Amino acid sequence: MEIKRIIKTVKIKQPANFSFNRCLEFLNRGYAECLYMVSEHAVKRMIRLTSGFALIEVSADMQYLLIRIDKAEITHSDTKECYDYVIDWFDLDRDISGFYQLLEKYAETENFPKKYYGLRLIGIVDLFEALCWCVIGQQINLNFAHKIKTRLVHKYGNKILAGDQAYYAFPAPQALLNATPEELALMQFSRQKINYIHNIATVFCANELNKSSLLTLSKTEQMDQMLAIKGVGPWTANYVSMKSLRNMNCITYGDTGLSSALHKHFNTAKKPDDNTINKIFRPFAGWESYLNFYLWRSLG
DNA sequence: GGCCAGGACTCAA
DNA sequence: TTGAGTCATGGC
């Protein structure tokens, strides 16, 4: 039976200091990503809405971002959710001119605004996905991390077919709660990662943690709630705070990528201590997350 | 072959 | 509260 689908396009006015191509370059920076598909001028992914799943394609013209929504039925609230999703994902609701002014003040970073012009702090909108992704990526190289994430998503995630292309959404907490340790071990998850993911899924299924209520709390309270989960340490809490909760004052202390970027641009030790890091970040108060993100980008 | 990856935990002292 | 050991595997 053929299912009739509806297509609708929504426009978002592009903010100042924004480059869709720079953001696409970031999304397409060379890792085997299973949750979205980047083509030359667009990115497509499946997202979870309150009323079900939708396939969206984001592209741009001179002035607007264009969201093409593909879903069996599209209500006003579906449209609004897609709109909000893209704003959150690309961090469009933020004036980053202050950040660029700060970058230009210092010799170490003065070329960043040109080199990465218009790059936004690309987020992970789904809080559960963000936490799980951190656990997956802990202490293993990113290529391998993407490999096992793909196995997880293909087995437990939701899937839709569009033409001959399959699109996946990250598994729901319940799906990962139901996954057995044996199954995950077969996908080459370590016992620790299996436990940690199970812990995160448990907390989400019990509704002890959700994004909307976290967003009503202070950053310290948010961090405490995340750190209470065994498997979530300071690095993960800061990463998620930056990429999903959109706090602007996060630093991923101890991060290997951040360390090498600081070594490269600020001539620090190969693994600078927290004091050194704080000293460098202090002038960027309020933009630490963006500096952290741009420093990561400067390695690629 | 050895060392380190977008860490975090346990356990000993 | 600090440091060593552990995890599992890929890539260099």
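Residue numbers (the UniProt record's numbering): 1 to 300.
Positions of the beta carbon are idealized from the N, C-alpha and C atoms, including for glycine.
What you are looking at is a predicted structure, and each value in this text was computed from that prediction instead of being measured.
Residues of its chain near residue i, where Cβ-Cβ distance is below 6 Å and the 5 sequence neighbours each way are ignored
i, result
"A130", "I124, V240, K243 and S244"
"residue 388", "Residue 388 is absent from the model: the chain starts at 1 and stops at 300."
"K193", "V135"
"N249", "E288"
"R151", "M187"
"L27", "V38 and V43"
"F112", "L103 and Y294"
"L184", "I194"
"K211", "L127"
"T276", "T268"
"R29", "G300"
"H263", "K270"
"D274", "Y253"
"L177", "A201 and C205"
"S94", "Before going further, note that residue 94 is Arg rather than Ser in the sequence given. Nothing listed; no residue qualifies."
Same chain only: Cβ atoms within 8 Å of residue i, ignoring 5 sequence neighbours per side
i, result
"T79", "K8, V10 and I69"
"C23", "F90, G118, L119, R120 and I122"
"E40", "none"
"H76", "none"
"residue 310", "Coverage of the chain is limited to positions 1 through 300, which leaves residue 310 absent and any answer about it impossible."
"E110", "L103 and E104"
"E108", "H265 and F266"
"residue 359", "As shown, the chain starts at 1 and ends at 300. That puts residue 359 outside it, with no answer to give."
Cβ separation of residue i and residue j, assumed to be a contact under 8 Å, to the nearest whole Å
i, j, result
"I122", "F99", "15 Å between Cβ atoms; not a contact."
"Y64", "K13", "6 Å"
"N17", "I96", "5 Å"
"N292", "T252", "6 Å"
7 Å CB neighbourhood of residue i in its chain, flanking five on each side removed
i, result
"N247", "K219, S241 and S289"
"L102", "P283, F284 and W287"
"V203", "L209 and I229"
"V153", "C34, L35, Y168, F170 and P171"
"Q222", "L214, S241 and L245"
"A237", "M223, M226 and L227"
"A179", "Y156"
"V232", "L131 and M226"
"L142", "Y31"
Cβ pair residue i, residue j closer than 8 Å
i, j, result
"A175", "Y156", "yes"
"P173", "C205", "yes"
"R297", "Y36", "no"
"I74", "I56", "no"
"F144", "I200", "no"
"A42", "S19", "no"
"Y31", "H198", "no"
"W235", "G254", "yes"
"I148", "F189", "yes"
"L92", "P181", "no"
Extract the residue ranges of the beta strand (DSSP E) inside the segment 213–298, only unbroken runs of 3 or more that lie entirely within it. none
Determine, using beta-carbon pairs with one atom in the segment 279–298 and one in the segment 254–271, whether at least three such pairs fall under 8 Å. yes
Let me know the beta strand (DSSP E) ranges lying completely inside the segment 123–169, each 3 residues or longer, listed in chain order. 158–162 and 165–169
Runs of beta strand (DSSP E) wholly within the segment 27–79 (minimum 3 residues, chain order): 43–49, 52–60 and 64–71
Counting pairs of Cβ atoms below 8 Å between the segment 212–228 and the segment 153–170, do you hit three or more? no
The segment 47–56 touching the segment 82–89, judged by at least three CB pairs closer than 8 Å: yes
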